[in-house]
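Down below is the structure, laid out as structure tokens.
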């Protein structure tokens, strides 16, 4: 229904929301059609969603729900729990097991995520380094937002994060499955940041600036 | 979604984990629950649920999410005629809003055949009672093809063709409404 124009020359990259059907493209999700002219030219549909579907390479926050032998079951918000092997941490060997309990938060990336198999998460990247992944520390607050907001926050120069960092210092972990973990010095500051991030979805830029100005004034 | 005074609230959950007894190995299992305004769901609700389920299965790309369950819950808030097409429209908007992959959109249109032969679109409850036959069509957005058709009462084949043509014309208005609502949502 969102009609794409004439086909450009050369190879075309189909992003999320578009599928090849026969000789043409089929739009499968509702949203804004976006185009990136660099490289071979990529088209994708920017859609708003709350439900996460595991995609290979995405960094997500998971909650450990069970320990089954050598493998942990993680709840990542998708249709089935993901598995995490205890050897998938930096410096983990059979003797040196990571200290993971049920209920811990894990930041990792998907190494296997397709529709036919159970998704698998690891906490090391391809070279064996952890690069920020692993068990997330104690305290802090975990909450869920829509996927569109996460993508906005992950954009290279995000105004929201810059403005918030001028308020208080805080630690932030963003999972592509819609989960955000925040930790600030006191519980009150953490809750304020949580409320602002949740409200950011519906506030315009001016409303946000007003709210932050009010808070930093107090 | 309210044409006149009929309103239906739709909620979509999924793709979520399916019970082993219900999961299908190659596609998503779609489940529709229709709750009437008063009373417990009865046989009429069950038959409407199956109708909605078959219409939705025709458009949802279930093969992308095998072994999952998609649940659509519809609550009737008020009924003043054309309930089935209202449910169809609400179901389609819920599918759109949730971001589920769809092959096409669909909309529901009700036609009432008066005793003197005139065709009324989206009849009220009184007009439905006086009419000779009530036809409900689910029309898809690609090529205006008919996905589902149900009839209550009797009518001739030519009359059905006329109703179908009128419904297809009306479908364009509904699709424009979908477009406007989605545009409003994304412009924020």
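Residue numbers (my numbering), protein chains in the order written: chain A, 68 to 285; chain B, 243 to 430.
Every residue, glycine too, gets a C-beta built ideally from N, C-alpha and C.
Taking CB distances under 8 angstroms as the criterion, tell me whether residue i reaches chain B.
| i | result |
| --- | --- |
| residue 225 of chain A | no |
| residue 93 of chain A | yes |
| residue 68 of chain A | Confidence at residue 68 of chain A is low in this model, with a pLDDT of 40, below 50, so its placement is unreliable and the value that follows should be read with caution. Answer yes: the Cβ-Cβ gap between residue 68 of chain A and chain B drops below 8 angstroms somewhere. |
| residue 220 of chain A | no |
| residue 182 of chain A | yes |
| residue 96 of chain A | yes |
| residue 233 of chain A | no |
| residue 216 of chain A | no |
| residue 140 of chain A | no |
Measuring only between beta-carbons, confirm whether residue i sits less than 8 angstroms from chain A.
| i | result |
| --- | --- |
| residue 253 of chain B | no |
| residue 306 of chain B | yes |
| residue 310 of chain B | yes |
| residue 256 of chain B | yes |
| residue 340 of chain B | yes |
Below 6 angstroms CB to CB, which residues in the same chain sit around residue i once its five sequence neighbours on both sides are set aside?
| i | result |
| --- | --- |
| residue 312 of chain B | 256, 257, 270, 272 |
| residue 121 of chain A | 145, 177, 180, 186 |
| residue 391 of chain B | 379 |
| residue 304 of chain B | 269, 270 |
| residue 171 of chain A | 131, 202 |
DSSP beta-bridge partners for residue i?
| i | result |
| --- | --- |
| residue 211 of chain A | A/246 |
| residue 352 of chain B | B/378 |
| residue 134 of chain A | A/139 |
| residue 152 of chain A | A/138 |
| residue 287 of chain A | The question about residue 287 of chain A has no answer, for chain A in this structure spans 68 to 285. |
Determine the burial state of residue i: buried for a count of at least 16 other Cβ atoms within 10 Å of its Cβ, exposed for fewer.
| i | result |
| --- | --- |
| residue 163 of chain A | exposed |
| residue 189 of chain A | buried |
| residue 288 of chain B | exposed |
| residue 290 of chain B | buried |
| residue 104 of chain A | exposed |
| residue 174 of chain A | buried |
| residue 368 of chain B | exposed |
| residue 243 of chain A | buried |
| residue 210 of chain A | exposed |
| residue 69 of chain A | Residue confidence is low: residue 69 of chain A scores 42 on pLDDT, short of 50, so the model does not pin down where it sits. Its coordinate-derived value is still stated next. Residue 69 of chain A comes out exposed. |
| residue 81 of chain A | exposed |
| residue 357 of chain B | exposed |
| residue 73 of chain A | Only weak support exists for where residue 73 of chain A lies, its pLDDT of 43 falling under 50; the coordinates are left without a value. |
Starting from the C-beta of residue i, find all residues in its chain whose C-beta is less than 7 angstroms away, skip the five residues before and the five after it, and write them out in chain order.
| i | result |
| --- | --- |
| residue 221 of chain A | 241 |
By Cβ distance below 8 angstroms, which residues in the same chain neighbour residue i in space, the five residues on each side in sequence not counted?
| i | result |
| --- | --- |
| residue 296 of chain B | 390 |
| residue 338 of chain B | 344, 347, 420, 424 |
* **Cβ contact check for the stretch 111-121 of chain A and the stretch 83-103 of chain A: 3 or more pairs under 8 angstroms** => With the cut-off at 8 angstroms, the stretch 111-121 of chain A and the stretch 83-103 of chain A touch.
* **Stretch pair the stretch 367-387 of chain B + the stretch 150-158 of chain A: three plus CB contacts closer than 8 angstroms** => No: the two stretches stay apart, fewer than three of their Cβ pairs being nearer than 8 angstroms.
* To do: Would you be able to state if there are at least three C-beta pairs under 8 angstroms between the stretch 345-359 of chain B and the stretch 117-134 of chain A?
  => Look at the beta carbons and you see the stretch 117-134 of chain A not touching the stretch 345-359 of chain B: under three pairs across the two are nearer than 8 angstroms.
* Asked: Quick check: the stretch 189-203 of chain A against the stretch 221-234 of chain A, are there 3 or more CB pairs under 8 angstroms?
  -> In short, these stretches do not touch, since the Cβ pair count stays below three.
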